[in-house]
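Since the structure comes first, as structure tokens, the remarks are kept for the end.
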Amino acid sequence: MAARALAWDPHWQNTPVALWFHGLRHAVLTVQVPYVSFARGLTHEWRAWFIVSRAEVAQALTLLRPLLSESRKAVRVGGGEDVPLHQAAYDWDRVVLDPDQMRLVRQDFESFLQREAWFKRHRLPFRRGYLFYGPPGNGKTSVIRVMATHPMISVHALDFSNEELGNETLTLLFQEASRCAPALVVFEDFDRLYGKTDMGDNRTKITLQHLLNCLDGLVEHEGVIVVATANDQTALDPAILRRPGRFDRTVPFRPPTADLRREYLRRLSRGSFDEQTLTRAVHETDGFSFAQLREGYILAGQFSFERADEAIRAGDLLEGIRVVRIDAQMVGSRLDGRGVGFGLSVSQTPGG
Numbered sequence: 266m267a268a269r270a271l272a273w274d275p276h277w278q279n280t281p282v283a284l285w286f287h288g289l290r291h292a293v294l295t296v297q298v299p300y301v302s303f304a305r306g307l308t309h310e311w312r313a314w315f316i317v318s319r320a321e322v323a324q325a326l327t328l329l330r331p332l333l334s335e336s337r338k339a340v341r342v343g344g345g346e347d348v349p350l351h352q353a354a355y356d357w358d359r360v361v362l363d364p365d366q367m368r369l370v371r372q373d374f375e376s377f378l379q380r381e382a383w384f385k386r387h388r389l390p391f392r393r394g395y396l397f398y399g400p401p402g403n404g405k406t407s408v409i410r411v412m413a414t415h416p417m418i419s420v421h422a423l424d425f426s427n428e429e430l431g432n433e434t435l436t437l438l439f440q441e442a443s444r445c446a447p448a449l450v451v452f453e454d455f456d457r458l459y460g461k462t463d464m465g466d467n468r469t470k471i472t473l474q475h476l477l478n479c480l481d482g483l484v485e486h487e488g489v490i491v492v493a494t495a496n497d498q499t500a501l502d503p504a505i506l507r508r509p510g511r512f513d514r515t516v517p518f519r520p521p522t523a524d525l526r527r528e529y530l531r532r533l534s535r536g537s538f539d540e541q542t543l544t545r546a547v548h549e550t551d552g553f554s555f556a557q558l559r560e561g562y563i564l565a566g567q568f569s570f571e572r573a574d575e576a577i578r579a580g581d582l583l584e585g586i587r588v589v590r591i592d593a594q595m596v597g598s599r600l601d602g603r604g605v606g607f608g609l610s611v612s613q614t615p616g617g
């Protein structure tokens, strides 16, 4: 009884402050209110809250970000601790996309967030689904990280490797995402979790049918955006793709073309290589993923560092590319020619 009284007995600490920002029609109110959690035993603390006009959330957060000491954006993981996601500016220049990808992802994503009233006026469910597929290292996770930095978005994911999680955890995840909408729900390596056969890595107790029920929105999840990734779209259980509307946009992420490789290397090097060097590097990297391009550039930097040279030379870049190609060929041989994927640390790269 004492705990319940504590939970429902809010009182003011210090004085609420109204902040008026140039460009906003309404004030931003900051207050200190008590926060009580029963998730891991009773915890009680004071937290700062901002009260903002719903129509001006994105603008207000953009203005407030430099003033806030918190520099990380939390990814909520069902059944576990919050995983910190380093907060960065919402900037699509951090990735390199072709025009079709830009239209299917960025333009659709931003249009969706701006058109809640339109969806409701036409009695359409205000939710969205994206499926990104393609070989590892070609930018799927990079794009998700950019989407996650949108100032209006909260991000939610589920640790499917935790075999203790069941259907109820997925239900709670979607409920929490709806409460914090607009929200991004991320499911990575979907084909390993719910492939056509049981030969993959799926040991989760979350059933395919319950997952489909959540995706279909048997319970309305207003403002929830689901993004799933798969290395091989054809390996997915047909039930996932059979029904229209589960994924509104299915976007391929293939190895970059010559033009995209050139642009990626130009951004990565901040324009330090001349066109002749870029042309040769593009030719030498035919078939490379963005991750392999980045690995070649990192090796080039290491060669420059070993010489105590301030600049990364053209020869360093070409040698780094050569080493990456040899390594890929060796690994490919050990895998009987099935190919190789490279991980991509998108938080440290301008694109891919």
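Position one of the sequence shown corresponds to residue 266 (the numbering used here), numbered consecutively onward.
Quick reminder that beta carbons are idealized off the backbone N, C-alpha and C, glycines included.
- In this structure, Thr280 is the residue among Arg380, Thr280, Met367, Tyr398 with its C-alpha nearest to the C-alpha of Trp314.
- Annotation: the continuous beta strand (DSSP E) that includes Ser419 extends over 419 to 423.
- Under the criterion of beta carbons closer than 8 Å, Phe452 and Met412 do not qualify as touching, at roughly 14 Å.
- Comparing alpha carbon positions, the residue from His548, Arg535, Gln379 closest to Gly488 is Gln379.
- At a cut-off of 4 residues, the continuous stretches assigned as alpha helix (DSSP H) that sit fully inside the region 379 to 460 are 381 to 386, 405 to 413, 432 to 444, 455 to 458.
- Taking 8 Å as the cut-off, the beta carbon of Pro416 is found closer than this to the beta carbon of Thr327.
- Counted as a single uninterrupted DSSP element, the alpha helix (DSSP H) harbouring Val547 occupies residues 540 to 549.
- In this structure Gln541 is exposed. Its beta-carbon is surrounded by fewer than 16 other beta-carbon atoms within 10 angstroms.
- Two segments are said to touch when three or more pairs of C-beta atoms, one from each, lie closer than 8 Å; by this definition the region 417 to 432 does not touch the region 567 to 586.
- Ala493 is bridged by DSSP to Leu396, Phe452.
- By the CB criterion at 8 Å, Asp456 and Leu501 fall inside the cutoff.
- With a cutoff of 8 Å on beta-carbon distance, Val361 and Arg532 are scored as near each other.
- Sorting Val420, Val547, Asp539, Leu435 by C-alpha distance to the C-alpha of Thr522 places Val547 at the top.
- About 17 Å separates the beta carbon of Arg392 from that of His475, a gap too long to meet the 8 Å contact definition.
- Distance from the CA of Gly460 to the CA of Arg410, rounded to the nearest whole angstrom, comes to 25 Å.
- Around the CB of His421, 16 or more other CB atoms lie within 10 Å, so the residue is classed as buried.
- DSSP places Thr295 in the strand class (E or B) of the three-state scheme.
- Secondary structure of Phe553 (DSSP, three-state): coil.
- Contact annotation, Leu558 with Tyr529: C-beta distance approximately 6 Å; criterion of less than 8 Å satisfied.
- Across the structure, Thr515 and Tyr398 are spaced so that their CA atoms are roughly 8 Å apart.
- Residue environment: Lys405 is assigned as buried (16 or more neighbouring CB atoms within 10 Å of its CB, all protein chains considered).
- Ser318 sits away from His287, with the two beta carbons spaced by 8 Å or more.
- Collapsing the DSSP output to three states places Ile316 in a strand.
- Scanning its chain for C-beta atoms nearer than 8 Å, with the 5 sequence neighbours on each side dropped, one finds around Glu321 the residues Leu289, Arg290, His291, in chain order.
- Between the C-alpha atoms of Asp513 and Arg371 there is a straight-line separation of about 13 Å.
- With contacts defined as CB atoms closer than 8 Å, Val298 and Ile316 fail to qualify as a contacting pair.
- Annotation note: the region 501 to 534 contains the following uninterrupted beta strand (DSSP E) runs of length 3 or greater, listed N- to C-terminal: 514 to 517.
- With 16 or more other Cβ atoms from the protein chains shown falling within 10 Å of its own Cβ, Glu560 counts as buried.
- Your pair Ile490 and Pro447 checks out as a contact, with CB atoms roughly 7 Å apart and the cut at 8 Å.
- In the three-state DSSP reduction, Ala283 falls in the strand class (E or B).
- By a beta-carbon distance limit of 8 Å, Leu506 does not contact Arg545. Their separation comes to about 41 Å.
- Around the Cβ of Ala382, a 10 Å sphere holds fewer than 16 other Cβ atoms; the residue is exposed.
- In the three-state reduction of the DSSP assignment, Thr472 falls in the coil class.
- Between Asp454 and Gly536, the alpha-carbon positions lie close to 34 Å from each other.
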